[in-house]
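The next block holds one structure in the form of structure tokens; read it before the comments.
Protein chains: 2
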Amino acid sequence: MRTSIATVCLSGSLEDKMTAAAAAGFDGIEVFEPDLVASDLSPEEVRSRAGRLGLTLDLYQPFRDFEGVTDDLLAANLRRAEARFAVMQRLGVDTVLVCSNVGTATVDSDDVSAHQLRRLGDLAAAYDVRIAFEALAWGRFVDDYRRAARIVALADHPAVGTCLDSFHILSRGHDPAGIEEIPAEKIFFVQLADAPRLAMDVLSWSRHHRLFPGEGDFDLTGFVAHLLRAGYAGPLSLEVFNDTFRQTDTARTAAHAFRSLVWLQDQAARRLDAGPLTRIAEAAPPVGVDFVEVKAEDTGEVEATLDQLGLTFRGQHRTKPVRLWSGGPARMVLNEQHAREVEPVVAGLGLVVPDAAATERRAHDLGVQPVHRRSQVDEARLAGFLAPDGLEVYLVDAPGPDAEPTWVEEFEHGLPRDTADSFTGVDHVNLVHSWAEHDEAVLFWTAAAGFDAPAATQVASPQGLVRSQVVRTPDGRVRLPLNVAPAVSRDYPEHVALHCTDIWAVASRAAGRGMAFLPVPDNYYDDLAARFGLDPGLLDRLRSAQLLYDRDGAGEFLHFYTRRVGRVFFEVVQRLDGYDGYGADNAPVRLASQARVDRVERTARESAAGPAAGARGRPRT
Amino acid sequence: MRTSIATVCLSGSLEDKMTAAAAAGFDGIEVFEPDLVASDLSPEEVRSRAGRLGLTLDLYQPFRDFEGVTDDLLAANLRRAEARFAVMQRLGVDTVLVCSNVGTATVDSDDVSAHQLRRLGDLAAAYDVRIAFEALAWGRFVDDYRRAARIVALADHPAVGTCLDSFHILSRGHDPAGIEEIPAEKIFFVQLADAPRLAMDVLSWSRHHRLFPGEGDFDLTGFVAHLLRAGYAGPLSLEVFNDTFRQTDTARTAAHAFRSLVWLQDQAARRLDAGPLTRIAEAAPPVGVDFVEVKAEDTGEVEATLDQLGLTFRGQHRTKPVRLWSGGPARMVLNEQHAREVEPVVAGLGLVVPDAAATERRAHDLGVQPVHRRSQVDEARLAGFLAPDGLEVYLVDAPGPDAEPTWVEEFEHGLPRDTADSFTGVDHVNLVHSWAEHDEAVLFWTAAAGFDAPAATQVASPQGLVRSQVVRTPDGRVRLPLNVAPAVSRDYPEHVALHCTDIWAVASRAAGRGMAFLPVPDNYYDDLAARFGLDPGLLDRLRSAQLLYDRDGAGEFLHFYTRRVGRVFFEVVQRLDGYDGYGADNAPVRLASQARVDRVERTARESAAGPAAGARGRPRT
């Protein structure tokens with residue numbers, strides 16, 4: 001179906017918005033009146049620019065507080081409308097959104113509203129304009145799309161139809177099935193927005209917290225199905241008021257918005273198994289983590305930590321400054337290529353997928369940016385794409401059971417694979433986003449990469465609350481907690497969690513090799529005793545090994561953390577009896593401990609930063 | 001009364017919080033359990049540190065989900081409690097907050113809850129601990145403070161009393177007058193929080209949007225009055241869960257919090273005209289703006305703009321690199337002292353007050369930081385203090401009618417005062433804060449400087465929504481719109497608005513002197529015609545003079561803007577027939593135009609920034 005986006009969704013000037021909408025792939029836009037008023041382009045220039053960009057101007061919006069009024073006010077409102085119709089004629093837009101009256105309605109009557117809309121229809125027809133009447137969720141009298149449709153039917157005027165907005169319908173809990181009873185030719189326009197289920201006043205919810213399809217809690221797939229059964233064939237247009245999207249990069253948000261609409265059409269097409277909807281390639285979700293890549297100018301300190309944790313050095317790449325470590329099937333790639341002045345950072349993630357070519361096609365269909373990995377003819381070629389935060393995601397076809405992928409053979413002069421150790425793989429990779437990237441990231445992982453996004457949580461850090469949204473594959477084999485760092489924190493670290501079957505042994509070996517664990521305060525163990533009534537013997541063992549503990553129904557969770565190196569640290573975990581969480585109750589303790597360590601290290605760095613610092617060419621630590 | 005603050009209000013480690021609370025002036029703290037658990041100080045060390053800092057540990061909190069449960073759960077809950085009592089004993093805290101059960105209550109009975117609290121009281125007594133039972137606004141069965149008090153009365157145990165939290169009571173709309181019916185000896189603790197009136201679920205409202213007293217919509221003064229009439233003599237403690245305060249500088253937030261509590265006590269003392277409350281100096285609100293100070297390494301470009309606007313150069317300060325311009329009673333001070341690499345910025349504000357010494361005392365009592373203005377013996381000494389965003393605020397006693405303040409005589413080699421011009425003063429000064437400073441700034445202007453804070457608004461900018469809170473003196477003679485810039489925008493400018501009685505003449509003179517007005521798009525005037533049905537003649541005049549227009553009941557508003565110089569620009573306004581706003585509907589047009597100009601200027605600057613740039617020693621523009 002044709003796609004459109006309201007200019008109010010995006011940041012920047014009207015020109016920026018038009019350029020970005022066209023570049024993202026939209027067929028048209030809704031012109032939000034304040035964007036036109038604030039623009040220094042004349043309506044004729046906007047029209048001609050849209051033409052050059054290949055965009056249609058699908059709707060002019062909004063026209064407010066028209067119907068349900070006294071006669072004298074009606075006359076003034078018709079005058080107001082006529083001035084707008086004149087602007088629309090200059091723009092070449094043929095449909096105007098008329099919202100149900102919020103501010104000035106005093107007459108609660110379908111007949112009066114219908115009569116007044118008929119008068120407006122007459123005036124509109126003279127300008128070749130159509131009226132799309134919409135029930136706002138907070139309209140004074142008309143706040144239900146079924147009533148708006150009834151008034152439109154009563155108005156019985158060819159230039160008067162209705163506009164359906166998923167937010168106004170679903171936020172009120174109105175049954176969208178009634179859409180199928182509206183004659184198709186009377187549905188002049190459709191606006192789509194998702195939203196999280198929030199218990200707050202619907203006006204603030206609508207103005208600040210709308211989301212793109214697939215990011216909230218509304219069943220938009222079902223909504224689109226009703227539209228198609230009703231026979232609607234016009235554009236699907238996004239109208240998303242969101243404080244974050246209004247601030248983020250225009251082109252990027254437009255691409256993100258377009259992705260949501262492509263995904264939604266594909267979802268609806270699958271449910272309906274027909275229809276004029278865009279379909280995209282299907283791809284099964286990942287079945288495992290192939291590798292995690294850490295990049296740095298000098299990866300030495302990271303490798304020292306891996307060594308202390310008990311991973312095995314598997315070799316240096318035969319053509320690139322890249323090294324491989326593994327612990328059982330958990331593989332860490334350490335990359336010093338093009339990494340001048342880069343502190344250790346999680347730079348890439350290899351995912352094992354049932355069909356890499358299919359996943360690559362799906363990502364392409366969703367407008368995800370591909371990445372190219374340099375390789376020689378005799379090396380494995382990995383398909384890949386970029387996540388919104390710049391993480392490189394590579395796709396690897398599943399090798400046989402217990403087999404290693406062929407790219408491992410490109411590493412030389414290392415030790416053989418250690419199959420006896422207790423590491424069983426990468427348990428999860430914790431990624432960190434800014435607030436501006438978060439919604440886009442969640443949609444990316446779910447729509448493009450086949451992850452699920454269960455309910456989010458919040459954990460307290462010394463610098464404020466951290467929003468945490470886990471995305472995981474349906475079978476739980478790949479888990480990515482996505483954290484939104486507090487706005488004030490810089491260099492918030494990410495981490496890689498390795499799963500093992502004997503954490504006591506791993507911790508003891510690491511301690512024996514001199515690893516500096518992230519310290520766990522004594523008070524934590526006292527609290528643990530009070531919360532879980534743990535056996536004193538276990539408590540003592542936990543305390544002396546500096547392990548953290550959590551419980552979840554029958555399941556238990558043991559874990560510990562390394563100190564950070566640059567922007568990365570490691571966690572080792574052991575899940576017992578089906579524990580399914582991430583130790584969220586322990587996160588505040590971990591974050592407070594990291595803040596203490598960071599402060600001590602910062603002080604040490606600063607006191608060392610005299611004129612002689614760096615004289616021995618030592619890297620910053 | 002004794003003052004206290006819950007550690008959860010502040011960012012940082014437990015040590016940081018304790019240090020900051022003591023430095024701000026609090027008598028004690030509530031220990032928020034997760035802060036202790038995450039700390040590497042033992043309970044004994046916390047106790048001894050508090051002693052050294054002169055802080056009492058007033059409350060241990062929270063203990064959740066205790067009463068209204070089945071017998072087997074009660075046994076487990078008593079075991080949980082006992083472990084906490086042991087920690088409290090080590091801390092030396094004698095009161096624990098027990099919240100009404102949210103998660104595990106299954107028995108809705110006052111008798112059962114009372115019986116279970118009595119059991120808890122017996123256990124507590126053995127540890128010299130008291131139970132302060134609090135009704136959470138979202139408690140499963142107990143969600144009203146009157147029911148909590150009834151249960152406490154039924155429990156009839158010396159170690160069992162109640163805790164009253166203003167948020168839980170006022171958010172539910174419960175009448176706080178019932179507090180006076182609770183026996184004083186049964187009110188074990190009081191927690192205070194303000195909040196904006198929000199229509200949202202009370203749990204999210206409480207966890208994220210609480211504010212310090214004086215910053216929200218609750219009548220905390222009345223609340224405190226009820227407490228005193230009840231005979232309560234314990235501490236007044238702040239418990240404010242707020243996402244922003246959890247992120248901002250610990251010491252600064254503590255000082256801000258303490259200020260709110262001092263202010264609240266003073267307000268309550270005035271209402272009661274008695275009581276054990278802290279009183280502070282009274283001071284009448286400002287009656288005018290004495291001057292606005294702009295600071296820059298080179299103020300030349302700002303002065304050129306003032307000249308084009310028609311202000312008069314009044315002279316150079318006889319001992320400092322400071323220059324004075326005036327237009328009628330509007331005085332601008334241009335300061336190049338200690339301004340290396342400073343772009344033009346609003347740095348100071350002189351306020352005319354009825355009694356400068358009284359205002360200075362009040363600010364001092366509220367812990368506001370004073371500033372010192374260098375002066376010689378024969379120069380005026382201005383008292384002053386710092387606003388939260390670093391603005392220097394100076395206080396000047398009102399001179400006689402039409403007289404200029406004596407400090408004006410320190411300026412030499414300028415022109416005499418022009419009394420014939422149409423400028424009538426500074427209309428308003430628009431200041432910009434980050435989101436982190438905003439609540440503190442509003443409290444500062446209202447509590448310390450005698451301003452009112454009417455309802456806030458939001459305006460759309462190309463970079464996102466701008467929150468705007470006007471503070472104004474009760475008579476409207478001093479007005480300061482405080483804007484919160486979108487998080488992504490840098491160098492968001494501030495402006496000074498001058499009022500005149502003939503804006504057409506001022507605009508025409510400025511145009512004649514070659515001033516570059518901020519351009520107003522043509523579409524704006526088309527929209528104005530549609531919105532207000534303006535007379536075509538007036539519309540043409542507005543368009544050709546590039547003036548903006550607004551209407552407000554009978555009143556009309558004419559205004560225009562200069563381009564920005566550094567972080568400052570100017571507005572000229574004329575209010576007609578009692579117009580009382582700031583042209584908020586025009587703000588999006590202004591912001592979009594500024595963004596266009598900024599972009600052009602940035603491009604020009606960048607293309608000029610070749611190797612030869614700066615070769616002639618021209619300042620950055």
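Residue numbers (the UniProt record's numbering), protein chains in the order written: chain A, 1 to 621; chain B, 1 to 621. Yeah, the Cβ is synthetic: ideal placement off N, Cα and C, and Gly gets one too. Please read these numbers as outputs of a predicted model, since none were measured by experiment.
(request) From the DSSP output, in three-state form, read off ASP397/B for me. (result) strand
(message) Among THR95/A, VAL102/A and ASN335/A, whose alpha-carbon lies nearest the alpha-carbon of ARG64/A?
(response) VAL102/A
(request) Evaluate ALA126/A with the Cβ neighbour count: other Cβ atoms within 10 Å of its Cβ, from every protein chain shown; 16 or more gives buried, anything less gives exposed. (result) exposed
(request) Taking 8 Å as the cut-off, decide whether the C-beta atoms of residue 629/A and THR250/A are in contact. (result) Absent from the model: residue 629/A. The displayed extent of chain A is 1 to 621, so no value can be given.
(request) Identify whether TRP325/B lies in helix, strand or coil by the three-state DSSP scheme. (result) strand
(message) Going by DSSP in three states, ARG563/A sits in which element: helix, strand or coil?
(response) coil
(request) Out of ALA447/B, ASP427/B, TYR232/B and ALA255/B, point me to the one whose CA is closest to GLU360/B's CA. (result) ALA447/B
(message) What does the alpha-carbon distance come out to for the pair ASP16/B and GLY92/B?
(response) 20 Å
(request) Would you check if the distance between the CB atom of ARG207/B and the CB atom of PHE241/B is smaller than 8 Å? (result) yes
(request) Taking all protein chains shown into account, decide if ASP535/A is buried (16 or more other Cβ within 10 angstroms of its Cβ) or exposed. (result) exposed
(message) Could you compute how far the alpha carbon of ALA613/A sits from the alpha carbon of ARG564/A?
(response) Because ALA613/A carries a pLDDT of 43, less than 50, the predicted location of this residue cannot be relied on, and no value is offered for it.
(message) Tell me whether the stretch 425-437 of chain B and the stretch 472-485 of chain B touch, counting them as touching only if at least three CB pairs, one residue from each stretch, are closer than 8 Å.
(response) yes
(message) So, at 8 Å on beta carbons, what are the nonlocal neighbours of ALA595/B in its own chain, with the 5 sequence-adjacent residues on each side left out?
(response) SER461, PRO462 and GLN463
(message) Classify ARG362/B: buried if its beta carbon has 16 or more other beta carbons within 10 angstroms, exposed otherwise.
(response) buried
(request) Check the Cβ of LEU123/B against every Cβ in chain A and list those closer than 8 Å, keeping chain order. (result) What LEU123/B touches in chain A: nothing, since even the nearest Cβ is about 14 Å away.
(message) Closer than 7 Å between beta carbons: that is the criterion. Which residues of the stretch 76-97 of chain B meet it against chain A?
(response) ARG79, ARG80, ALA83, ARG84 and VAL87
(request) Would you decide whether LEU277/A is buried or exposed? Buried here means 16 or more other CB atoms lie within 10 Å of its CB. (result) buried
(request) Kindly say whether LEU465/A, judged by its beta-carbon, lies nearer than 8 Å to any beta-carbon of chain B. (result) yes
(message) Suppose contacts are defined by Cβ-Cβ distances below 8 Å. Is GLY533/B in contact with ARG79/A by that definition?
(response) yes
(message) Please classify SER39/B as buried or exposed, where buried requires at least 16 other C-beta atoms within 10 Å of its C-beta.
(response) buried
(message) Using beta carbons (cut-off 8 Å, strictly below), is PRO34/A in contact with chain B?
(response) yes
(request) May I ask you to report which of helix, strand or coil DSSP gives SER457/B? (result) For the sequence presented, residue 457/B should be read as Thr rather than Ser. Correct three-state label for THR457/B: strand.
(request) Compute the distance between the beta-carbons of VAL96/A and VAL69/A, then report whether it is under 8 Å. (result) no
(request) Can you check DSSP and say which residues form a bridge with ASN483/A? (result) VAL432/A and SER468/A
(message) So, at 6 Å on beta carbons, what are the nonlocal neighbours of ARG47/A in its own chain, with the 5 sequence-adjacent residues on each side left out?
(response) LEU91 and GLY92
(request) Check the Cβ-Cβ distances between VAL484/B and every residue of chain A, and say whether any is below 8 Å. (result) no
(message) Measuring only the C-alpha atoms, how far is GLN116/A from GLU67/A?
(response) 6 Å
(request) Return the bridge partner residues of ALA497/B from the DSSP annotation. (result) HIS428/B and GLU571/B
(message) Give me the residue from VAL160/B, ARG118/B, ASN77/B and GLY555/B with the minimum Cα distance to ALA104/B.
(response) Here residue 104/B is Thr; the residue named in the question, Ala, does not match the sequence. Of the candidates VAL160/B, ARG118/B, ASN77/B and GLY555/B, the one whose C-alpha sits nearest the C-alpha of THR104/B is ASN77/B.
(request) Could you name the residues of the stretch 243-254 of chain B whose beta carbon sits closer than 7 Å to any beta carbon of chain A, in the order they occur along the chain? (result) ASP243, ARG246 and GLN247
(message) Pairs of beta-carbons, one from the stretch 253-268 of chain B and one from the stretch 303-314 of chain B, closer than 8 Å: are there three or more?
(response) no
(request) Take every Cβ of the stretch 469-482 of chain A, pair it with every Cβ of the stretch 504-518 of chain A, and state whether three or more of those distances are shorter than 8 Å. (result) no
(message) For PRO235/A, count the other beta carbons within 10 Å of its own beta carbon; 16 or more makes it buried, fewer makes it exposed. Which is it?
(response) buried
(request) Name, in chain order, the residues that DSSP records as bridge partners for ASP165/A. (result) GLN191/A
(request) Have a look at GLN574/B and ASP219/A and give me their C-alpha separation to the nearest angstrom. (result) 52 Å
(request) Closer than 7 Å, Cβ to Cβ, to anything on chain D: give me those residues from the stretch 521-543 of chain B, in chain order. (result) Chain labels in this structure do not include chain D; the protein chains are A and B.
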